[in-house]
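Read the structure below first, then the notes.
Residue numbers (our numbering): 41 to 521.
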């Protein structure tokens, strides 16, 4: 088959997928390439299950209901009011919010910490509803399907694995995140929904400014610590700070607001976030630089200096500064009657090179095992098991080219119970509301805050006064205790 024939074949398959995947956009009323609403409703719950395996629900029923109530009021004014929307507050310190097809929308307590009023929260939720109503996820899925068809056609027509891989990379690049056009559309839709609920659309611009400040601070801090910053994808990710087009699309929504009706009362937001966890939660463990403390598990662990820690419900992972090595801690019930080495032999295929490790725990053993990487390929990892009663702590070490060596064994040897003087380091922090008094400054309040680094800057950020604002007497201020 000639190259031109291959191209025609690819185009015909892609066109077929387009014809099969066209649907009407509820926002624009136009036909576009997108998966059907039936598809959205079928995959949404499946994706939701996966999300809830990676995150945990924030344990505050009243705050959960508050988030859902705001979301439901906004969704009722959207172009898809009959969609079964679900709004979930996640117990994560990450500054993030995102949406899945079918109306599943997630807000982290981490992003809420930087808001100062209900209208800010409504703006972020409205933006995520906009992604759902405009069917951005369904569009991306349909585009990925076309990219997959094209990839298969190239592979079939040329027999070239390299070309197929190049096509996959191209498809991945095209599908990696929403583009500026879609983010701007979600901004406009979010502003429309909050205006129809009588919030001031200027508050949406206000929360963008607050989160932009947080993004700038996080980037500067990450640069100083030699790591990559994490940033929320929406609202500001694709916009410069003074994006005139963004300002215009948000302010255009003012026409939807009934100025004769009062704006929703913002007092509930501060009341309900008073006592909300800040940073790492005690239930999931506390990170201080490269050290990890967990009060409930009575556990201490130390990664090599400079490694960054990712703490998720199912695993604790340390990643080397250059990203070439990772060491992960998991938990598993200890198998009755088996020693640590017997456990590893029973759990891992081709376990070998076993050796006992000296730790403060009763039983620790390590070696090398072979696992599948999920793509049909085998790879070696370092594994260790540390028994503590009925609990087994499993440590896994993986490298791009070579296995972690001394760093792995140092992590294993570091695992122990908390010392009495470390108990306070394992305690979580929370937001506490105070009333500013005459003479209070963020410098003086920082001395009262339970913050070891950048305390003054963090207090300004969570109170919407970064970089140099000061509290006024009588003003409600968030402090970290």
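For glycine and all other residues, C-beta sits at the position ideal for the given N, C-alpha and C.
Whose C-alpha, out of 339, 334 and 363, is nearest the C-alpha of residue 346? Within the chain shown, numbered from 1, the residue matching residue 346 stands at position 306. Minimum Cα distance to residue 346 is reached at 363.
Proximity to residue 461 [Cα-Cα], best of 333, 303, 146 and 321: For this step, residue 461 is matched to residue 421 along the chain shown. Measuring from the Cα of residue 461, the nearest candidate turns out to be 333.
Here's a check: name, in chain order, each residue in its chain whose Cβ is nearer than 6 Å to the Cβ of residue 127, leaving out the five neighbours to either side. For this step, residue 127 is matched to residue 87 along the chain shown. Cβ neighbours of residue 127 beyond the five flanking positions: 107, 108, 111 and 145.
Would you report the Cα separation of residue 379 and residue 428, rounded to the nearest angstrom? Indexing the chain shown from 1 puts residue 379 at position 339. Indexing the chain shown from 1 puts residue 428 at position 388. So the two alpha carbons sit approximately 11 Å from each other.
Starting from residue 97, follow the beta strand (DSSP E) in both directions and report where the run begins and ends. Stepping through the chain shown from its first residue, residue 97 is reached at position 57. Segment: none, residue 97 is in no beta strand (DSSP E) and carries neither H nor E.
Coarse secondary structure for residue 505, derived from DSSP in three states: Translated into the one-based positions of the chain shown, residue 505 becomes position 465. Coil.
For residue 527, which of helix, strand or coil comes out of DSSP? Summary: the structure shown does not reach residue 527, with the chain confined to residues 41 through 521, and so no result is reported for it.
Anyone know if the C-beta pair for residue 121 and residue 80 falls short of 7 Å? Position 81 of the chain shown, counted from the start, is the residue given in the question as residue 121. Position 40 of the chain shown, counted from the start, is the residue given in the question as residue 80. Contact: no.
Please tell me whether residue 469 and residue 310 are closer than 7 Å, where the distance is taken between their beta carbons. As a position in the chain shown, residue 469 is number 429, starting the count at 1. As a position in the chain shown, residue 310 is number 270, starting the count at 1. With contacts defined as CB atoms closer than 7 Å, residue 469 and residue 310 fail to qualify as a contacting pair.
For residue 241 versus residue 293, is the C-beta spacing smaller than 7 Å? Indexing the chain shown from 1 puts residue 241 at position 201. Indexing the chain shown from 1 puts residue 293 at position 253. Yes, these two residues count as a Cβ contact at 7 Å.
Integer-rounded CB distance, given that residue 435 should sit under 8 Å from residue 367: Here residue 367 refers to the residue found at position 327 of the chain shown. Here residue 435 refers to the residue found at position 395 of the chain shown. Right, the Cβ-Cβ distance comes to about 7 Å (below 8 Å), so this counts as a contact.
Can you tell me whether DSSP reads residue 517 as helix, strand or coil? For this step, residue 517 is matched to residue 477 along the chain shown. Three-state DSSP puts residue 517 in a strand.
Taking the continuous alpha helix (DSSP H) assigned at residue 338, which residues delimit it? Start at 1 with the first residue of the chain shown, and residue 338 comes out as number 298. Run containing residue 338: none; DSSP gives neither H nor E here.
For the pair the region 150-167 and the region 242-261, tell me if three or more CB-CB distances fall below 8 Å. yes
Sub-7 Å separation of residue 143 and residue 125 beta-carbons: Locating residue 143 in the chain shown gives position 103, counting from the first residue. Locating residue 125 in the chain shown gives position 85, counting from the first residue. Contact flag set, yes.
May I ask you to verify whether the region 168-175 touches the region 214-233, counting CB pairs closer than 8 Å and requiring at least 3? yes
C-beta atoms of residue 139 and residue 102 nearer than 7 Å: Here residue 139 corresponds to residue number 99 of the chain shown, with the count starting at 1. Here residue 102 corresponds to residue number 62 of the chain shown, with the count starting at 1. Taking 7 Å as the Cβ cut-off, residue 139 and residue 102 do not qualify as a contacting pair.
Whose CA, out of 504, 472 and 164, lies closest to the CA of residue 520? Locating residue 520 in the chain shown gives position 480, where the first residue counts as 1. The option with the nearest alpha carbon to residue 520 is 472.
Would residue 237 be called buried (16 or more neighbouring beta carbons within 10 Å of its own) or exposed? Taking the chain shown and counting its residues from 1, the one referred to as residue 237 is at position 197. With 16 or more Cβ atoms within 10 Å of its Cβ, residue 237 is classed as buried.
Reduced DSSP category for residue 106 - H, G, I as helix; E, B as strand; rest coil: Position 66 of the chain shown, counted from the start, is the residue given in the question as residue 106. It is helical.
Can you list, in chain order, the residues of its chain with a C-beta nearer than 8 Å to that of residue 478? Leave out the 5 residues immediately preceding and following it. The residue you call residue 478 lines up with position 438 of the chain shown. Result list for residue 478: 513, in chain order.
Do you know how far the Cα of residue 354 is from the Cα of residue 499? Here residue 499 is taken as the residue at index 459 of the chain shown, counted from 1. Here residue 354 is taken as the residue at index 314 of the chain shown, counted from 1. Answer to the nearest angstrom: the Cα atoms are 31 Å apart.
When the Cα atoms are used, what is the spatial distance from residue 234 to residue 290? Looking up residue 234 in the chain shown gives position 194. Looking up residue 290 in the chain shown gives position 250. Each residue's alpha carbon lies about 10 Å from the other.
Taking only three categories from DSSP, how would you classify residue 139? As a first step, residue 139 is located in the chain shown; it is residue number 99 there, counting from the start. Correct three-state label for residue 139: strand.
Please state whether the Cβ-Cβ distance between residue 507 and residue 476 is less than 7 Å. Counted from its first residue, the chain shown places residue 507 at position 467. Counted from its first residue, the chain shown places residue 476 at position 436. No, the Cβ-Cβ distance between residue 507 and residue 476 is not below 7 Å.
Considering only the beta carbon of each residue, do residue 131 and residue 154 sit closer than 7 Å? For the purposes of this step, residue 131 is identified with residue 91 of the chain shown, where counting begins at 1. For the purposes of this step, residue 154 is identified with residue 114 of the chain shown, where counting begins at 1. Going by C-beta atoms, residue 131 is not nearer than 7 Å to residue 154.
Within 10 angstroms of the Cβ of residue 421, are there 16 or more other Cβ atoms? Answer buried if so, exposed if not. Mapped onto the chain shown, residue 421 falls at position 381. In the assembly as shown, residue 421 is a buried residue. Its beta-carbon has 16 or more other beta-carbons within 10 Å.
Residues bridged to residue 469 [DSSP beta-bridge criterion]: The residue labelled residue 469 in the question sits at position 429 within the chain shown. Looking at the DSSP assignment, residue 469 forms a beta bridge with 318.
Beta-bridge pairing of residue 408 - partner residues as DSSP gives them: By one-based count along the chain shown, residue 408 stands at place 368. According to DSSP, residue 408 bridges with 392 and 422.
What are the partner residues of residue 437, as DSSP defines its beta bridges? Position 397 of the chain shown, counting from 1, holds the residue named residue 437. In DSSP, residue 437 forms a bridge with 367 and 422.
As a quick exercise: from 456, 490, 93 and 485, pick the residue whose alpha carbon is nearest that of residue 464. Your numbering for residue 464 matches position 424 in the chain shown. Selected option, being the one with the closest Cα: 490.
Which of the three DSSP states is assigned to residue 333 in this structure? Your numbering for residue 333 matches position 293 in the chain shown. The answer is strand: DSSP assigns residue 333 an E or B state.
Three-state secondary structure (DSSP) of residue 448: As a first step, residue 448 is located in the chain shown; it is residue number 408 there, counting from the start. Residue 448 falls in the helix class under three-state DSSP.
Which word fits residue 466, buried or exposed, when buried means at least 16 other C-beta atoms lie within 10 angstroms of its C-beta? Here residue 466 is taken as the residue at index 426 of the chain shown, counted from 1. Buried, because 16 or more other Cβ atoms sit within 10 Å of the Cβ of residue 466.
Which whole-angstrom value is the C-beta distance of residue 373 and residue 432, which I expect to be below 8 Å? Translated into positions along the chain shown, residue 373 becomes position 333. Translated into positions along the chain shown, residue 432 becomes position 392. Indeed, because the Cβ distance is near 7 Å, the residues count as touching under 8 Å.
Please work out which residues of its chain come closer than 7 Å, Cβ to Cβ, to residue 393, disregarding the five sequence neighbours upstream and downstream, and give them in chain order. Position 353 of the chain shown, counting from 1, holds the residue named residue 393. Correct list, in chain order: 407 and 408.
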